[in-house]
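Notes to accompany the following structure.
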Amino acid sequence: MKNILVTGGLGFIGSHTVVELCDQGYNPVIVDNLSNSKIEVHDRIDRIASKSVSFEEGDLRDKAFTERVFDKFKFEGVIHFAASKAVGESVEKPLLYYENNLTSLVNILEQAKRHETSNFIFSSSCTVYGQPDRLPVDESFPKLPAESPYGNTKQIGEEIIQDFCKANSAFKAISLRYFNPVGAHESAMIGELPLGVPANLVPFITQTAAGIRSQLSIFGGDYNTPDGTCIRDYIHVVDLAKAHVLALEYSSRMNLNYDFFNVGTGKGCSVLDVIKAFESASGEKLNYKIVDRRPGDIEKIYADTNKVNQLLGWKAEKGLNEMMKSAWEWQKKLAID
Ligand code: NAD
Ligand code: WQD
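Okay, here's the thing in structure tokens:
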């Protein structure tokens with residue numbers, strides 16, 4: 053059974069990916085410092101996967117800890133989710149973001165080299181494209197200057213990996229550029245756990261419907277889009293998790309030693325589309341109002357998914373209705389727990 057290191061494996065996307073890895077017969081080993089996750093998620097993963105998944109608690113900025121993890125297990129692949137991800141916080145605390153997101157990456161690559169571990173999958177983001185001049189955006193589009201230190205860590209992270217691949221021809225790595233991951237596992241046992249007031253749309257919607265927030269503010273109704281609200285490519289987290297398993301498999305057979313892929317549905321949805329889908333999936337009426345634009349928001353983006361469809365053999369299967377339904381089931385469960 054193949055051991056796969058999953059850094060940040062107790063987080064939102066990591067936890068769903070660990071479940072998919074178990075389903076596909078891999079042996080994931082989770083490393084997490086619990087900075088943005090709860091230890092209870094480990095037990096829930098075990099219950100969904102009906103197995104005891106290895107977990108090492110620690111911080112990947114700590115070189116000695118990272119070395120101990122690599123010494124303890126022989127890994128055949130690494131999926132590196134662990135990072136700080138709050139765009140607004142990154143503007144306030146840039147050094148925290150550069151330190152956490154980049155030091156961890158360098159430490160892991162050093163250990164991967166020492167142990168000759170290959171098949172490295174990196175969590176990148178559509179944020180690397182900024183506002184593209186035409187849509188859908190494909191992988192040949194240029195990366196635009198990052199809008200935030202967080203976005204910059206993804207651009208620099210990709211470059212670090214690319215340089216590392218150039219210097220180590222036997223090492224294979226893939227960056228996955230996620231669009232907007234939402235939704236939760238069908239069991240409603242794992243999902244997104246935002247700390248404090250959510251910055252992202254879907255947790256804000258579900259918390260408003262659950263009565264935790266009084267009203268959703270829609271940031272801007274005067275964009276150049278059909279209904280005036282911003283357009284994004286929302287992707288179900290379970291579909292995204294599956295793309296990681298396929299990326300691991302692809303990396304071991306690809307000819308290049310570094311490649312990168314968009315992971316989205318290819319469909320652009322406006323904020324009002326998302327609200328409509330939520331109301332229909334949940335049967336709840338949402339209290340919202342349109343307010344000023346949020347600084348830094350781009351108007352519209354959605355993915356060209358041809359490359360990921362063809363090379364990884366991956367395609368998003370779940371639509372907006374399933375995304376909203378599962379996000380709502382998860383929110384209701386959170387209110388009970
Ligand atoms: P998350 O915060 O839910 O998960 C990240 C996990 O990493 C958390 O459990 C946290 O405790 C852990 N972690 C952070 N720093 C660590 C460190 N130094 N050592 C050990 N563990 C550490 O985030 P997520 O939404 O699951 O995102 C996963 C990855 O995907 C991140 O790299 C993020 O930047 C990227 N990404 C996320 C989105 C999104 O909208 N959620 C979009 C694009 C890219
Ligand atoms: C989606 C849409 C908002 C909240 C961010 C990061 C990006 C990536 C994904 C990691 C936008 C609108 C939101 C609210 C609203 N993360 N909105 N009211 O901004 O596309 O991307 O997360 O890499 O890097 O920037 O996602 O969920 O914040 O916003 O109207 O209360 O919802 O304006 O149009 P975004 P989001």
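Note that the working numbering has the sequence shown beginning at 53, numbered continuously upward. The beta carbon of each residue, even a glycine, is placed where N, CA and C say it ideally should be.
Item: Runs of beta strand (DSSP E) lying entirely within the region 238-320, each at least 3 residues, in chain order; Value: 268-271, 286-288, 310-315
Item: Segment limits, beta strand (DSSP E) that includes Ala225; Value: 225-230
Item: Straight-line gap, Val297 to Arg305 (C-alpha atoms, nearest Å); Value: 13 angstroms
Item: Collapsed DSSP secondary structure at Gly209 in the structure displayed; Value: helix
Item: Cross-strand partners of Lys352 (DSSP beta bridge); Value: Ile283
Item: Span of the alpha helix (DSSP H) around Asp344; Value: Note, Asp344: premise wrong, no alpha helix (DSSP H); not H, not E.
Item: CB contact check: Gln207 to chain C, cutoff 7 angstroms; Value: Chain labels in this structure do not include chain C; a single protein chain is all it has.
Item: C-alpha distance - Ala138 paired with Ala251, whole-angstrom precision; Value: 8 angstroms
Item: N- and C-terminal bounds of the beta strand (DSSP E) containing Phe172; Value: 172-177
Item: Contact set for Arg346: own chain, Cβ-Cβ below 6 angstroms, skip 5 residues either direction; Value: Phe271
Item: Span of the alpha helix (DSSP H), counted from its first residue to its last, around Pro146; Value: 146-150
Item: Collapsed DSSP secondary structure at Asn22 in the structure displayed; Value: Here the chain covers residues 53 to 389 and nothing more, so residue 22 does not appear.
Item: Nearest residue (CA-CA) to Trp382, options Leu245, Ala368, Lys224; Value: Leu245
Item: Residue of Leu57, Val71, Ala135, His288 minimising C-alpha distance to Leu86; Value: Ala135
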